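Peer 1: Structure in structure tokens, see below.
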Amino acid sequence: AQSVAQPEDQVNVAEGNPLTVKCTYSVSGNPYLFWYVQYPNRGLQFLLKYITGDNLVKGSYGFEAEFNKSQTSFHLKKPSALVSDSALYFCAVRGLNTGTASKLTFGTGTRLQVTL
Amino acid sequence: EAQVTQNPRYLITVTGKKLTVTCSQNMNHEYMSWYRQDPGLGLRQIYYSMNVEVTDKGDVPEGYKVSRKEKRNFPLILESPSPNQTSLYFCASSPGAGPGEGEKLFFGSGTQLSVL
């Protein structure tokens, strides 16, 4: 079975500082990895994805994520946080060798709080 | 505007009273899915559909039904709601075969359901 772990319920960072939101995964075979963001009272919005190719993936709003196969991680990063980045962030994985092609497994979410 | 529309946004009901949450997308997407979001559990997939008349169970299908008679609509039906189905529900759609092919999901704004 595939799984995703987001070990931090909340991450606090000051505006202007770099941020990292952690994600590790477990799948059979090579993964498809996604990050989504949820602002208050809104649905989830796609940020970025890793399918294949460069391990550093760039996405929306200045976010990027680094795929590390040996550590089975896909951490979300941003060089300089903004207060408007405060939201709930979800990591998700789809393993290529799962029995049902279209199941996507989400993590439990990490709340990012950026303060002035 | 391309969007996924869910109705209603908020719903309070009583145990055993059948209800339907509607979902419609205007992007001609083949793939549609329902998720529930619960604190500490993240998003869990209830059902998904690869195309018209093609539906399959997700991770937590018990107590739910879906149908896909038209490409744009994917209603979620609770025949006999129970308090443990109190949750925040999201509908999502995706082009092609969905996240299984690396496609991103487009989410609705959510339906907060309370079953008393």
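Sequence lines, in order, name chains A and B.
Going by my numbering, the residue at position 67 of the first sequence is 88; the numbering climbs one at a time, nothing skipped.
Going by my numbering, the residue at position 8 of the second sequence is 1131; the numbering climbs one at a time, nothing skipped.
C-beta: ideal position from N, C-alpha, C; glycine also.
This structure is a prediction, so every number in the text was calculated from the model and none was measured.
Between valine 1183 of chain B and arginine 1159 of chain B, which are expected to be in contact by the criterion C-beta below 8 Å, what is the C-beta distance as a whole number of angstroms?
Peer 2: That belief holds up - the Cβ atoms of valine 1183 of chain B and arginine 1159 of chain B are roughly 7 Å apart, short of 8 Å.
Peer 1: Alpha carbon to alpha carbon, how far is arginine 115 of chain A from serine 91 of chain A? Give it in angstroms, no decimals.
Peer 2: Those two C-alpha atoms are separated by around 17 Å.
Peer 1: Strictly below 9 Å CB to CB, what residues from chain B border aspartate 97 of chain A?
Peer 2: The question names aspartate, but residue 97 of chain A in the sequence shown is leucine. Those within 9 Å of leucine 97 of chain A in chain B number zero; the least Cβ separation is about 15 Å.
Peer 1: Starting from leucine 1228 of chain B, find everything on chain A with Cβ-Cβ shorter than 9 Å and list it in chain order.
Peer 2: Residues of chain A passing the Cβ test: Phe55, Tyr57, Leu65, Phe67, Ala113 and Leu125.
Peer 1: Here's the rule: buried if 16 or more other CB atoms are within 10 angstroms of the residue's CB, otherwise exposed. What is glycine 1165 of chain B?
Peer 2: Result: buried.
Peer 1: Hey, would you say valine 42 of chain A sits closer than 8 Å to leucine 77 of chain A, going by beta carbons?
Peer 2: Cβ distance not < 8 Å, so valine 42 of chain A and leucine 77 of chain A don't count as in contact.
Peer 1: Are leucine 54 of chain A and phenylalanine 95 of chain A close, meaning C-beta to C-beta below 8 Å?
Peer 2: A contact, by the Cβ cut-off of 8 Å.
Peer 1: Please confirm whether glycine 80 of chain A has its beta-carbon closer than 8 Å to some beta-carbon of chain B.
Peer 2: Not one chain B Cβ lies under 8 Å of glycine 80 of chain A.
Peer 1: If you measure beta-carbon to beta-carbon, which residues of the region 1198-1216 of chain B are closer than 9 Å to chain A?
Peer 2: Cβ contacts with chain A come from Phe1213, Cys1214 and Ala1215.
Peer 1: Please report the straight-line C-alpha distance between proline 52 of chain A and glycine 1225 of chain B, rounded to a whole angstrom.
Peer 2: Going from the Cα of proline 52 of chain A to the Cα of glycine 1225 of chain B covers about 10 Å.
Peer 1: With a threshold of 16 other CB atoms inside 10 Å of the CB of valine 25 of chain A, please say whether the residue is buried or exposed.
Peer 2: By the 10 Å Cβ count, valine 25 of chain A comes out buried.
Peer 1: Taking 8 Å as the CB-CB limit, is leucine 1166 of chain B close to chain A?
Peer 2: It does: the Cβ of leucine 1166 of chain B has a partner Cβ on chain A nearer than 8 Å.
Peer 1: Return the first residue and the last residue of the beta strand (DSSP E) that glutamine 1129 of chain B is part of.
Peer 2: Residues 1127-1130.
Peer 1: List the residues of chain A that proline 1218 of chain B touches, going by C-beta distances under 8 Å, in chain order.
Peer 2: Residues of chain A passing the Cβ test: none, with the nearest at roughly 12 Å.
Peer 1: Methionine 1150 of chain B bridges to which residues according to DSSP?
Peer 2: Methionine 1150 of chain B is not bridged to any residue.
Peer 1: Using a cut-off of 7 Å between C-beta atoms, extract the partners of proline 1184 of chain B located in chain A.
Peer 2: Near proline 1184 of chain B there are no residues of chain A at all, since even the closest Cβ is about 12 Å away, more than 7 Å.
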